[in-house]
Amino acid sequence: MITITKERLLTIKQWRETYGPSSNVVLPAEEAEELARIALAALEVEPVAVNDDMAYAFHHALSDSSLGADEVEEIKAGLRAAFANVTIQPEPVVPDDGREKFEALVRFHAGDKDHETLLLRANEGMNYQDPNVDLAWIFWKSSREHI
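Under this note's numbering, residues 4 to 150 are what the sequence shown spells out, in order.
And the structure:
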């Protein structure tokens, strides 16, 4: 997966000025795919949904007085206007390309004959009663290196 920086986007944006409006330019397929993914995600955004709880929270942040039903609706209308241009981005889709590596790591450590020595070495001399805690700690430390 490729990361497109702001500088790269600004460069692409300036191509029209540089090469002219009728020129064709070449964009690497990975960048084109990432730009398409970003554009499609932007098309799927949803407006922020305003509910009664938000209206009550907004009111109580400003005042300790009680609210009537009409006031709740007025506050909700105001919140809708305030959030009119705010959207919720969908969760990014991240490819699960580390799953095979993780499973190989689990198989490697679970099948190790020098299990206790390995656990003590990996945990800097600490040993837990439950070996699964030790393995979980090893996996956690190993996975952090790849994040």
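Ideal Cβ positions, reconstructed from N, Cα and C, are used throughout, including at glycine. If you're wondering where the values come from, they're calculated on a predicted model, not measured in any experiment.
Neighbourhood of residue i by C-beta distance below 7 Å, restricted to the same chain and skipping five residues each side
i: Phe61; result: Ile78 and Leu82
i: Val28; result: Trp18 and Tyr22
i: Ala58; result: Val75, Ile78, Lys79 and Leu82
i: Glu34; result: Ile5 and Ile7
i: Leu70; result: Tyr59 and His62
Selected residue, minimal CA-CA separation from residue i, among the options
i: Thr90; options: Val51, Ser66, Met57 and Ala58; result: Val51
i: Ala72; options: Ala87, Ala84 and Asp56; result: Asp56
Alpha-carbon spacing of residue i relative to residue j, whole angstroms
i: Val53; j: Leu46; result: 21 Å
i: Lys144; j: Thr8; result: 29 Å
i: Ala39; j: Phe142; result: 35 Å
i: Ser68; j: Glu76; result: 16 Å
i: Ala85; j: Leu13; result: 30 Å
i: Ser146; j: Arg11; result: 30 Å
i: Ala87; j: Glu49; result: 11 Å
i: Ile41; j: Leu30; result: 15 Å
i: His63; j: Ala44; result: 35 Å
i: Ser26; j: Leu65; result: 56 Å
i: Glu20; j: Ala139; result: 55 Å
i: Ala32; j: Pro24; result: 21 Å
Anticipated Cβ contact below 8 Å, residue i with residue j, distance rounded
i: Ile5; j: Glu37; result: 5 Å
Span of the alpha helix (DSSP H), counted from its first residue to its last, around residue i
i: Val75; result: Ala72 to Ala85
i: Asp55; result: Asp55 to Leu65
i: Leu38; result: Ala32 to Leu46
i: Thr14; result: Lys9 to Tyr22
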